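Step one of this worksheet: look at the structure below.
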Amino acid sequence: MDIPDAAQDATPIERADVRVAQAAACAREHPLVRAGGKLSELADQPPLIAISAATLAAGLLLRRPRLARAGARMLASHLLATAAKTVIKNRVDRTRPNLLVEEGRYEMASGETPGKEMRSFPSGHTAGIVAVTRALTRDYPESSLPGALVSVAVAAVQVPRCAHYPSDLAAGALIGVAAEAAVDRAARLLPP
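Per my numbering, residue 357 is the first one in the sequence shown, and the count goes up by one each step.
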């Protein structure tokens, strides 16, 4: 598969991203990709905030401190991950893979373009779901494997649905891990 002219001057990682996006795009309309894409929207900001807040509220209402603590960690981790990814998205312009596939357009540079089509880097869905699932495992270690599987599934479907490049996912995952680790460190400073 040829690299489009717009990506000829890109870095090696970007060119690899472009190749993967081009190859994965053939699955874009597959029913599993479409269904996975719809399910992955549960990892968008409003649903993750609602899930985290509901977990916190349930813990408080049911007087279950472990559940309340998990909800608080989930919410704080998600909010920090969202803030971090937003700072980066506001400084990096990167065309989404759908523009590459449909129009042959590719760009990654410093910038502040507000449009969604130029805000591929990093993946907010990935940052959010990684932060939330890691936070949950602090109080519910048995959720570690299911949480990791959900995080991988949410991230992985973003490539064939032409929403993100692989390096967007990697950056989002790193943000999620860092945000949750920062919240965990802060939580350890609080009295029990």
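The beta-carbon is built from N, C-alpha and C at its ideal position, and this holds for glycine as well. Computed from a prediction, not measured in an experiment: that's the story for all the values here.
Query: Put Ala465 into one of helix, strand or coil per three-state DSSP.; Result: strand
Query: Measuring CB atoms only, is the segment 477-487 touching the segment 524-532, in the sense that at least three cross pairs come out at less than 8 Å?; Result: yes
Query: What's the gap between the Cα of Ser523 and the Cα of Pro368?; Result: 11 Å
Query: Using the beta-carbon count (16 or more within 10 Å), is Glu536 buried or exposed?; Result: buried
Query: Among Glu468, Lys441, Ala439, which has the Cα closest to the Cα of Asp449?; Result: Glu468
Query: Would Ser466 be called buried (16 or more neighbouring beta carbons within 10 Å of its own) or exposed?; Result: exposed
Query: What residues match up with Asp449 in a beta bridge as DSSP calls it?; Result: Ala465
Query: If Ala381 sits next to Pro453, beta carbons under 8 Å apart, how far is it from one beta carbon to the other, in whole angstroms?; Result: 7 Å
Query: Between the alpha carbons of Glu363 and His520, how many angstroms are there, rounded?; Result: Reading off the sequence shown, one finds Ala at residue 363, where the question assumed Glu. Looking at the two C-alpha atoms, the distance is approximately 16 Å.
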